[in-house]
Structures are given as structure tokens and as C-alpha cells.
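Q:
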Amino acid sequence: MTREFEDKFKLTAEEDDMIRRMTPLEQEKYKARRHEEIQAEIDAERIKKANEENKSVFSSKPSEEIAVIKDDMNPIQQEFVLGRDTLIKGVFRSNFNLIKGLFVRVRINNTYRAGKILGVEEIPSYKLPKKKNQKDVYCNIGLTIDAGKRVINQWPIVNVSNSSLRQEEFETFVEEYSVTRELFAGILRKTKKAKEELTRNLTDLEITDYLNRKARANPRKESTTLLKMRLIKRRDNAIQRKNKKEAEEAQRELEEIEDQEYLERFKNIHDKEVLDQWMEKRREASVTSVKKLGEKEVEK
Numbered sequence: 001m002t003r004e005f006e007d008k009f010k011l012t013a014e015e016d017d018m019i020r021r022m023t024p025l026e027q028e029k030y031k032a033r034r035h036e037e038i039q040a041e042i043d044a045e046r047i048k049k050a051n052e053e054n055k056s057v058f059s060s061k062p063s064e065e066i067a068v069i070k071d072d073m074n075p076i077q078q079e080f081v082l083g084r085d086t087l088i089k090g091v092f093r094s095n096f097n098l099i100k101g102l103f104v105r106v107r108i109n110n111t112y113r114a115g116k117i118l119g120v121e122e123i124p125s126y127k128l129p130k131k132k133n134q135k136d137v138y139c140n141i142g143l144t145i146d147a148g149k150r151v152i153n154q155w156p157i158v159n160v161s162n163s164s165l166r167q168e169e170f171e172t173f174v175e176e177y178s179v180t181r182e183l184f185a186g187i188l189r190k191t192k193k194a195k196e197e198l199t200r201n202l203t204d205l206e207i208t209d210y211l212n213r214k215a216r217a218n219p220r221k222e223s224t225t226l227l228k229m230r231l232i233k234r235r236d237n238a239i240q241r242k243n244k245k246e247a248e249e250a251q252r253e254l255e256e257i258e259d260q261e262y263l264e265r266f267k268n269i270h271d272k273e274v275l276d277q278w279m280e281k282r283r284e285a286s287v288t289s290v291k292k293l294g295e296k297e298v299e300k
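In this text, residue positions in the sequence shown follow full-length UniProt numbering: the first is 1, and each later residue adds one.
#1: Helix, strand or coil for arginine 107, going by three-state DSSP, please let me know.
#2: What do you reckon, is the C-beta of lysine 135 under 7 Å from a heavy atom of the ligand COA?
#3: Determine the contact status of glycine 115 and isoleucine 145, defining contact as a CB-CB distance below 8 Å.
#4: For valine 174, report the span of its alpha helix (DSSP H) as first-last.
#5: Does phenylalanine 58 pass the burial test, meaning 16 or more other C-beta atoms within 10 Å, or should it be called exposed?
#6: DSSP has lysine 116 in a bridge; who is on the other side?
#7: Less than 8 Å between the beta carbons of lysine 89 and leucine 198, yes or no?
#8: Closest to isoleucine 141 by CA distance: which of Arg33, Leu205, Trp155 is it?
#9: Using the beta-carbon count (16 or more within 10 Å), is glutamate 15 buried or exposed?
#10: How close, in whole Å, do the beta carbons of alanine 238 and serine 125 come, if the pair is a contact with beta carbons under 8 Å?
#11: Where does glutamine 134 fall in DSSP's three states?
#12: First and last residue of the beta strand (DSSP E) that includes isoleucine 88?
#13: Does the separation of the CB atoms of phenylalanine 92 and lysine 214 fall below 8 Å?
#14: Count the other C-beta atoms from every protein chain shown that fall within 10 angstroms of the C-beta of serine 60, then say buried if there are 16 or more, exposed otherwise.
#15: Rounded to the nearest angstrom, what separates arginine 200 and glutamate 261 at their Cα positions?
#16: Within a Cβ cutoff of 7 Å, which residues of the same chain sit near serine 163, ignoring the five residues on either side of it in sequence?
#17: Rounded to a whole number of angstroms, what is the C-alpha to C-alpha distance between leucine 11 and leucine 211?
#18: Who are lysine 127's beta bridge partners in DSSP?
#19: Can you tell me whether valine 81 is helix, strand or coil according to DSSP?
#20: Which of helix, strand or coil does DSSP assign to valine 179?
#21: Please confirm whether leucine 102 and leucine 82 have their CB atoms less than 8 Å apart.
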């Protein structure tokens, strides 16, 4: 967590008192919502600052300077487009909006070109590329892209190229957007900063937000949620009837589902060693004793 974020996240005495009266689930939801609001505020400030450095890619510049850039700038050596892999890695992060104003390589009418990202929007879920033996991962984010003579909406990130611009594509980009050395340097700085943000390690608070966003993109998530709700109801009813065996069975099934969800969500964030450590801590902290639940029910 950055110092900037820590300063903004500090709670007042009233907020501390309010949180202490919440249930653990309510506390997690409150902190996740507060984290998202603060991250959006920080991202807006960063975008504003970056835009001030690089005001517009449509500014009018001398044609002589543009010609020089086309001749001596190699787009492969000075990479400035965001690739598909980078977008996939960062798509569920709360600061994904940092990509606005940057460029991607897309194929329009059988021709590859540089397209400027104008916006990010929610679209119907679609599958992301997956590794062997990996379960399906869904995404519900699309891009609004300026493709020169027209604007394209709801462009899935899987349709973004993972390759650099070719020399002729780069020359077209320089000419269409009147790119000067100063302007190109600004684009490079913004692209580098966005890549660093989208690929850095997540903080604990960011992980919670990341997993929530990823879960919302899965069209089958709702059925799992309903199953968990039925198991919780079954467990609680068994506790009231003092049927310990049935309560333990329902609790065990519930924890198996939750553990599998954590494994699926975290394996794209952490390596196996970190994931194993996380799962061990989760098991230690998990409230698995139906006896304790029964005791609480008796106390009521």
C-alpha cells in the first residue's frame, strides 16, 4: 500500500467506532467500498496529472518534425502500445481506468493499426484465454477505441493484439495523430506507468476488490452463491434441531466450495508457495466448529 493511499485511508474515531459494531462481513464490505472510492480518487488525480503532461494527441505540429520522427523512431525498441497480456493481468484491478488515453494494436477491416483507448465499459461476459487444465475465466470489460475514422465500442480485450506495431503501422500512427518527439515521450511515460501499476503485486485490500470484480464477471457465480445460501440455511436449521451430524456435513460442504473458490481466484495472483501459505492461514482462521455455533445458538 502506498503512502498516498495510507494517508487517505486513515479512519476517524467515529468511523473506527462504527466499524467495531459491524459484523466481520460488514467490515470487509465497508473497507472494500472505501478502498474502491479512494483508489478511484487517486487514479483520477494521476490521470489528470498525466493528461497535463500530454494534453492531446490531436495537436497540430510541424510536418517537418513529424517526418523526422517517422524516420528515426523504432516502435519495437520504444514500445508504447499495451498488449493483450498486460490488459488481462490488470483488467480486474480498481485502477484499470489508467489505460484511458493510451494505445493498443487492433485489427480493423483486416488491417492492423494503433487505436487510442477512449474509455472502459462493462459488457456481456466473455472467456479469457486460459492455460492447460485451468478453469474458465470470464471478463466483462470492453474498450471504447478511436480507430481513426471511426470509434469502436465494447471492444473485448481478447481482441487486442499482443504484438508491437510494424514500422508502416507506426508511421501511420505518427501521421494521423500528429505525433512529435515531446508528445511521444509523454505517451511512453504514461504507458510505462500504466504497465507498472497493472502488473505490480496487489495489497491485501486490493486483492479483496480484485476477487470481487473477477467474481462479478463470471456468469455462473450466481448459481454457486445460491448453493452456498442453501447450505448455510441447512446448517443453521440442523443446529436449531441439535442435529450435529447434518450440521457438520453442511458446514464441510460449504467450506469445500469456499476453499475451491479461493484456490481458483488466487492462483492467477500468487505463485503456489504463497497460495499454500494463504490457504493454511485461512484454514486456521476459519470458523469450522459446529459445536461453537451450537453453543452460540443455545446462549440466545
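Note that the Cβ used here is the ideal one computed from N, Cα and C, for glycine as well.
In this text, all values refer to a predicted model and were calculated from it rather than measured experimentally.
A: Checking against the coordinates, here is how it stands:
#1: The residue labelled residue 107 in the question sits at position 107 within the sequence shown. In the structure shown, arginine 107 sits in a strand (DSSP, three-state: E or B).
#2: This structure lacks the ligand COA; in fact it carries no ligand of any kind.
#3: As a first step, residue 115 must be located in the sequence shown, where it is residue number 115. As a first step, residue 145 must be located in the sequence shown, where it is residue number 145. Result yes, Cβ atoms of glycine 115 and isoleucine 145 sit closer than 8 Å.
#4: By one-based count along the sequence shown, residue 174 stands at place 174. Its alpha helix (DSSP H) spans residues 167-176.
#5: Stepping through the sequence shown from its first residue, residue 58 is reached at position 58. Here the model assigns phenylalanine 58 a pLDDT of 44, short of 50, so the residue's position is not dependable and the matter cannot be decided.
#6: Your numbering for residue 116 matches position 116 in the sequence shown. Bridge partners of lysine 116: Phe103, Asp146.
#7: Stepping through the sequence shown from its first residue, residue 89 is reached at position 89. Stepping through the sequence shown from its first residue, residue 198 is reached at position 198. Cβ distance < 8 Å, so lysine 89 and leucine 198 count as in contact.
#8: The sequence position of residue 141 within the sequence shown is 141, counting from 1. Minimum Cα distance to isoleucine 141 is reached at Trp155.
#9: Here the question's residue 15 lines up with position 15 in the sequence shown. Here glutamate 15 is exposed, its C-beta having fewer than 16 other C-beta atoms within 10 Å.
#10: In the sequence shown, the residue the question calls residue 238 occupies position 238. In the sequence shown, the residue the question calls residue 125 occupies position 125. Not a contact, Cβ separation roughly 35 Å.
#11: Numbered from 1 along the sequence shown, position 134 holds the residue referred to as residue 134. Correct three-state label for glutamine 134: coil.
#12: What you label residue 88 is simply residue 88 of the sequence shown in a count that begins at 1. Counting along the chain, isoleucine 88 falls outside any beta strand (DSSP E), though it belongs to the alpha helix (DSSP H) covering 84-90.
#13: Translated into positions along the sequence shown, residue 92 becomes position 92. Translated into positions along the sequence shown, residue 214 becomes position 214. Yes.
#14: Here residue 60 refers to the residue found at position 60 of the sequence shown. Note on serine 60: pLDDT 45, under 50, position unreliable in the model; no value is reported.
#15: Along the sequence shown, one-based indexing puts residue 200 at 200. Along the sequence shown, one-based indexing puts residue 261 at 261. In a straight line, the C-alpha of arginine 200 is about 23 Å away from that of glutamate 261.
#16: The residue labelled residue 163 in the question sits at position 163 within the sequence shown. Contacts found: Arg105.
#17: Here residue 11 corresponds to residue number 11 of the sequence shown, with the count starting at 1. Here residue 211 corresponds to residue number 211 of the sequence shown, with the count starting at 1. Using only the alpha carbons, I get a separation of about 24 Å.
#18: In the sequence shown, residue 127 corresponds to position 127, counting from 1. Lysine 127 pairs with Tyr138.
#19: For the purposes of this step, residue 81 is taken as the residue at position 81 of the sequence shown. Looking at valine 81 - three-state DSSP - the assignment turns out to be strand.
#20: The count along the sequence shown starts at 1 and reaches residue 179 at position 179. Of the three classes helix, strand and coil, the one that applies to valine 179 here is coil, per DSSP.
#21: Residue 102 sits at position 102 when you count from the first residue of the sequence shown. Residue 82 sits at position 82 when you count from the first residue of the sequence shown. Closer than 8 Å, so yes.
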